[in-house]
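Asks: Residue numbers (my numbering): 1313 to 1649. Okay, handing you the structure first.
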Amino acid sequence: MASLTDHQWGMKRETTYGTPVTVDRFYPWVDGTKGEWDPRRRTAEGMIAGGGRRTKLASRSYLSQGIGKVTTKIELATRGCGVLLDCALGVSTVTGITSGSQQNFHYGLTGAYLPSATIQIVKIMNSGTPWVETYAGCTASKITIEQPEDAIATLEVEWDAQSLSTVTAAAVASYGSLGTVLDATAHASAGLGATLTVPTTTALATGPTAFADIKELKVEIDQAIDVERWVLGGRNQPSALSPSIKVDGKAEFNASTLPAAMAAGTVLPFMVTWTTTETLGAGFAQAQLAIPQLALTGDFPEVSMGKTGTVPIKAEVLSDGTNRDLYWVMRTLDIAL
């Protein structure tokens, strides 16, 4: 028997799209994690005369191939995030550094498809009995990196799922070291403008001018996968089309930097770096979001009499034609994804 605090979820990258594997990377449960399945029932329209007034016949109703949607949410931390980031963004590079590794992630694929994963969600019934949902062929469709005001940073990923099993046994969860959670006030700092030097395999991005006014931030990455690839006999693996990134947030109105850049159409580099007190070699475990080209789309500052003014942040991420649109970097005690 299990308690109502024993819900769990885990994942593993698949070798072959849609072929389930046993999950072995587990993440602490955060509300918002869920699995949904549409069995796509079909019922023939034709009616057989002679039965009087009635609904359509159950004998001519059946299930076609279903389609799933899985949402996973974690609190970002200095350790254990590599598998999730690799499958969600699509491209990863792991380079050994003193005491750990630097892990760089982006979505700049060289092929037509994102990685796929098997995701297992174990939900505990009120009776204490586990209900196990195992989704295979999970492809990331939307990624949301959020740093709320005065709170822990989170990562939410929405997945398209190709198949569902409710008879697969629950894998035994093992969490290992979770590192340090990334916090807004304890660890985060931002940079905006000037010139960005993009991250290397062993160093974080540098260059943007320190910008201490950011209150909260949300980055939404639409992987633009084509989930409508229906063919005779089933559905093909979703293709990864042209992605898009939107940025929303809020800053204190302490300077004219944001509204002036928006009005002038200035495109600025932007980065947020989380530096913890967790020792890593000669430095500390860190995470970084780096964006070479942030184009502000509005709005002007919001002010009220006698209150602290704020500036809404609305922007889109553009390509500079050379660098990646977005980088997520981890300097971590982990030596592998």
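Backbone N, C-alpha and C define an ideal beta-carbon position, used for all residues, glycine too.
With a threshold of 16 other CB atoms inside 10 Å of the CB of residue 1321, please say whether the residue is buried or exposed.
Replies: Buried, since its Cβ has 16 or more Cβ neighbours within 10 Å.
Asks: Based on DSSP bridge pairs, tell me the residues matched to residue 1496.
Replies: Beta-bridge pairing links residue 1496 to no other residue.
Asks: Would you say the segment 1412-1427 touches the segment 1382-1399, given that touching needs at least three Cβ pairs under 8 angstroms?
Replies: In short, these stretches touch, since the Cβ pair count reaches three.
Asks: When the Cα atoms are used, what is the spatial distance from residue 1314 to residue 1445?
Replies: Their Cα atoms are separated by approximately 16 angstroms.
Asks: Compare the beta carbon distance of residue 1473 and residue 1325 with 9 angstroms and say whether it is the shorter of the two.
Replies: No, they are not a contact pair.
Asks: Which residue's Cα is closest to the Cα of residue 1614: 1455, 1607, 1580, 1570?
Replies: It is 1570 whose Cα lies nearest to the Cα of residue 1614.
Asks: If you draw a straight line from the C-alpha of residue 1627 to the C-alpha of residue 1560, how long is it?
Replies: About 7 angstroms.
Asks: Along the beta strand (DSSP E) that carries residue 1624, what are the first and last residues, could you check?
Replies: Element bounds for residue 1624: 1622-1629.
Asks: For residue 1597, which three-state DSSP category applies?
Replies: The answer is strand: DSSP assigns residue 1597 an E or B state.
Asks: Would the segment 1482-1493 count as touching the segment 1377-1397 if we require 3 or more Cβ pairs under 8 angstroms?
Replies: Result yes; three or more Cβ-Cβ pairs closer than 8 angstroms.
Asks: Looking at residue 1511 and residue 1580, is the spacing between their C-beta atoms short of 9 angstroms?
Replies: No, these two residues do not count as a Cβ contact at 9 angstroms.
Asks: Using the C-alpha atoms, what's the distance from residue 1515 back to residue 1307?
Replies: Residue 1307 lies beyond the stretch modelled for the chain, which goes from 1313 to 1649, so this question has no answer here.
Asks: I need the straight-line Cα distance from residue 1421 to residue 1362, nearest angstrom please.
Replies: Their Cα atoms are separated by approximately 59 angstroms.
Asks: Tell me where the beta strand (DSSP E) around residue 1579 begins and ends.
Replies: Looking at the DSSP string, the run of the beta strand (DSSP E) that includes residue 1579 is 1579-1592.
Asks: In whole angstroms, give me the CA-to-CA distance for residue 1386 and residue 1573.
Replies: Taking the straight line joining both Cα atoms gives about 33 angstroms.
Asks: Buried or exposed for residue 1476, please, with buried defined as at least 16 other CB atoms from any protein chain shown within 10 angstroms of its CB.
Replies: Its Cβ being crowded by 16 or more others within 10 Å, residue 1476 is buried.
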